[in-house]
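Under full-length UniProt numbering, the first residue of the sequence shown is numbered 1, with each subsequent residue one higher. We treat Cβ as the ideally placed atom computed from N, Cα and C, and that holds for glycine. All values reported here derive from a predicted model rather than from experimental measurement.
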Amino acid sequence: MLEFMQKTLLMATCWISFGQTNENDRGLILTSYSEHIHTLPTALDGTPILDYTQSYPLPIEARYLSIDGDYTLRHTYVYDYYSKAIYWNSNFSVGFSGNNEWMILHRGLSRDYIKLAIDWISHSIYWTDPLYKWIMVQTLLGNDTSLYRVLIHENLEGPHALALDPMEALLFWSDIGTFTKLEVSSLSGWNRKSLISSNLVHPYSLSADYVARRLYFIDAGRETVETINYEGRDRKILLRKEYSYFFDIAVYKEYLYVTEVYNNRIYFLNKTNGMELHESLFDDMETFCGVYVFHPDAQPISATAHCVNYGCEQICVTEKDGVACLCKDGYALNQDMKTCSLTTELFHRGLMFSNESSICILDIRVVTDIVFDPKCILKTNGTKYMILDTDQRQLIIAKDTSIYMAMVDYPYLQRLTETSGTISGLAWDGYDRNVYWTEEDTGTIWRLSGAFEIAKVILGGLDNPRDIIVLPHERLLYWISSRNGSAIESSKMDGSNHQIILNYEDVLEPKSLSYDPYNKRIYFLDYVQRDLRNVMSCKLDGSNLYPFIVENKSLEHLEIYRGHLLVTAKDVDGTLIMSYAIDHTTRTTSGVFNNTGNISSIKIFDETFRQNETGPCFNLNGECDQICISNGKSKLCECTFGFKLAADEKTCTSDHIKDNFMLVVDSTHNYIYQISLTDGSVQGINAKVANTLTGVAYSPIHEVVIWGTDDSELSIMYLNGTEKSLLPVSALNESYIFPNRFAVDYSTGNIFYTAGNHMQFSRRSHSYIRVISPNRKHRVLVTGLNYPNGLVVYPSKGLMFYADSGYNAHIGQANMDGSRPAVLLSIKDDWPTELTIDYKNDYLYWINLWDDSIKYCKLDGTNHNTLAMFPDTGMKGLALYQDYLFISTVRHLHITKLKISNPNETIEFAAHGPLGTIEVISMYSSTVQNKNTLCSVGNGGCSTFCFPIPGGKICGCEDGIELMDGSDTICANVLQCPRVLNQLIVSADCDRIKGSYCNFTCSQGFKARPGIDKVVCSGEVYIPADPCEEQPSVSSAHHSDVHPGIICAVVIGICVVIIILAVILRKKCRNSSFALKRMKEESISGPGMVVIMNCDQKADR
């Protein structure tokens, strides 16, 4: 869109119903990409509406992206992308009969989607700058173009759209970033608050309707024209156009004018319902960008021109009940609140550098516009390193073995400390106000704290440490070491957790470390060959190392500022300073300074970018789970659509649906949502996906969500949002291959998915179908595919079906183990995608992207036909539930529910405005779970994969592994528990693999412990570890098993019996001599019993 070479400022004379009376002083002004414009008359009911009869050619290499004006002053203002400047024209007229000279108002802006807005009451201009992350204001009264100031800079990521309502003194803007939002404040920047903080992508333009008190905005990412009221409520989508790129919007009375740059159109809409009041203007020779209504009714003047009479010395802005005076940068209001006094003789923002004799500063706008001469503030020789304390406006420098401090405004050097070794690096920690330095000859890192009074070694024994930096929010130190080969190392602030991040194999001779807090990356210079250095970049752990900028120049110094990377290099004419936009890796500007001397260090000085005043949302997103809204020094956590704020007021949760739901991928917002099949309600899945989602599915066996992204990652997480982890997909990292569509076998929990290189469309086959088991083992099943974008499995039949697009497009079939792949239905002229299956009637359904239709066939490929057509809708997702197909399209803001038996019967389902384009639909219901009984119990006895196949099942192993010799169920790499372990003997029918439940017996002399009848193999041992216990002997049982009370009772009982017997015997002794004689010959004794003598012996006693 931004690659055209020319621009034209266009005047469209307006004959529409808002009362065009004089074509010389009112109209619709447009900026365009071409040098010429054709007459393009359009009409409504035979009445001309727009007749482009005038054009104003601009210089080649001009690109006017934004336009606004002050009708009272007859001034028009434009932002030019190429020159990075704001231009203005005085005495503007429709016929260009006035002054046609365009003059520079302000230069040094960035190259981005900058928007202008005019306060026609105070005669001030406001603009956004996404690169500098600020909103500026400048007065239009008088000829002093230095009367500007940074109005808002805190807690901004990417300010873009801008609109004013001077009647109510309100300033509206969009901030595009981690969580894009629309905000509002007064025109002086106070009373800031958020209006919308969810379901926004790229709101590039705003327009305020001061009569209806509504905001109108375009969102290029959502492809929508939308509106809200001034309180941020009553959000409505007025227009959605698939495959469009809305660029600018203007409101006038009942009309909206919207430019769209992909299709070269201007839309004329009713602001209430979004209906097109007139056929959109189209010309394949023109690309319209900015739009501005040049009409007195669009800028009504209040009864009192407050700013003219109030007496502000520098800048006057409109307030609700009057005006407020502001001062330009570097000045502050006096007590009279009208006049301003100088606070410093220097810039508040600048690029500071040291050379062999001085310390100097350049205007910060050198980042985007090399036109400013340096101003030297301190004469000092031999400065090697320099750091800045912007809080106190202090400059700290290092020379050999001394560290000095000076005030920026009153440069007088004061020695802070002497060092024991040669200083080789200097860093500042703005949080704790400590100085850190490295000494290469002593191999130490030092910290100077306690108001610069206490010096302490925090780490020693290092290899020539140098170029130290502080990561203040992460509380980390990074430095370069270089004694035995170069390396980049890190530690915590106290020297603990010392690590080598990059070693000599990764870097050659790195220098000039710098850190980007927005992207969380380290940047440094390193050699590519002798005397030639490039800019390298890596993550904080050293991973993802790559050359960020390849200049092949003698690069010397590196510094990062607000998304820009500044690099210096030696040049034959002086010092070359180059600036690059980090997000685009493109050079924004470069220039040679011949009066800088030999630069030894560079640093950014910016009072608005203090480390300890970056706002409550800057570090760790303010501890908010999703959206952090900053209001000055306080913050408020919010949640996006589909979530609610938990009791801790930080965490975002959702009431996840357990059954009868669809999982959808919202490609507009890159979110996964659950949509209830019962009532269409929406719940968010808190997956926090950074890269573009490609597919999603749900496995009910483990209640997990699986999704893929375009960076070759495959992730899994419980439905409630816990325990997110990456699945091993190392084989996908080659040739941009990534997972795309998913199908789950409810018998086993195996996840089938397509994977391929969708960047290549040729006759070569780059894609395939893979499977991953619940224990995270991978196996390739089908290869030789081109663009598989649909997949279903049929476990009860042991089959899978897939849609392969591109060359030789077809519907394919294979057994679920990947065997016997075949073309089920050849459809070379179609582009089949999003396959779904009807298990009840054995039909396949899919989308044909070529004509936006739904096709179908039987499982044997017969009865191929078209079910329904959705022309020009951009069909996306397709899924089946009961007797309905659920369809998503780019055009529709809902899911269409189509009855299969009557395709003409359609119902709007889940029509939620915050939802974007539904890319993928994955259905789940416990009532529709096709299973294979041979695999569903105990994984079919298979150690890794149990694959249903027609008429049975078969076991399989991960890639590169075969089944164990002599086994048709166990893979060779699977650990088995021993059959005999100590006293445990496992039954022969147990496969003894991890997770197996086995019957067992115990060896002789042992028995199973009570309540244990099975053991579980954990891989090498069994659980429980001691299922057997020793059987006790009989004798020991008498001692151990008989209670002492029982023994005592037995003894007493025996004694009683003996006494009774004794009495009986005594009686018999008197009556029978034979008995007496016999008793004398016998005695009775035994264990635990007394000896009973005969009657005579007893009598003798």
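Look at the Cβ atom of residue i, then the Cβ atom of residue j, and state whether they are nearer than 8 Å.
i	j	result
Cys312	Lys338	yes
Ile918	Asp710	no
Lys1007	Gln976	no
Asp655	Gln683	yes
Tyr230	Leu215	yes
Tyr79	Leu116	yes
Ser676	Ile706	no
Val408	Leu566	no
Gly221	Thr668	yes
Asn930	Tyr746	yes
Ile560	Ser514	yes
Thr383	Lys399	yes
Leu791	Leu859	no
Lys897	Phe886	yes
Ala697	Val744	yes
Ile350	Ile364	The displayed chain sequence assigns Gly, not Ile, to residue 350. Contact flag set, yes.
Gly597	Ser767	no
Gly756	Tyr787	yes
residue 1121	Asp506	Lying before the first or after the last residue shown, residue 1121 is absent from the chain, which here runs from 1 to 1101.
According to DSSP, is residue i part of a helix, a strand, or is it coil?
i	result
Asn621	helix
Ile900	coil
Cys312	coil
Leu893	coil
Ile114	coil
Pro914	coil
Leu476	strand
Ser681	coil
Thr694	strand
Glu834	strand
Glu607	helix
Pro739	strand
Cys1028	strand
Assign residue i to buried or exposed, taking buried as 16 or more other Cβ atoms, counted over all protein chains shown, within 10 Å of its Cβ.
i	result
Asn902	exposed
His702	exposed
Lys520	exposed
Met869	exposed
Tyr243	exposed
Asn960	Before going further, note that residue 960 is Gly rather than Asn in the sequence given. That one is exposed.
Pro795	buried
Glu649	exposed
Ile377	buried
Pro1010	exposed
Pro465	buried
Gln211	Inspection of the sequence shows that residue 211 is occupied by Val rather than by Gln. Looking at its Cβ environment, which holds fewer than 16 other Cβ atoms inside 10 Å, Val211 is exposed.
Ala936	The sequence shown places Ser at residue 936, not Ala. Classification for Ser936: buried.
Gln674	buried
Note down the Cα distance separating residue i from residue j, rounded to an integer number of angstroms.
i	j	result
Lys320	Asp68	22 Å
Ile135	Ile468	33 Å
Phe738	Thr866	31 Å
Leu893	Arg192	32 Å
Ser805	Lys876	14 Å
Gly274	Phe945	55 Å
residue 1104	Leu164	Since the first and last residues shown for the chain are 1 and 1101, residue 1104 lies out of range.
Arg433	Glu223	48 Å
Tyr292	Ile29	5 Å
Trp120	Lys570	48 Å
Is any beta-carbon of chain D found at less than 8 Å from that of residue i?
i	result
Ile218	The chain labelled as chain D is not found in the depicted structure, where only one protein chain is given.
Smallest Cα separation from residue i: which of the options?
i	options	result
Glu260	Ser543, Val704, Thr287, Asp441	Thr287
Tyr504	Glu474, Arg63, Ser280, Gly542	Gly542
Lys603	Leu719, Leu362, Gly485	Leu362
Thr837	Gly861, Ser826, Ser996	Reading off the sequence shown, one finds Ile at residue 837, where the question assumed Thr. The shortest C-alpha separation from Ile837 is found at Gly861.
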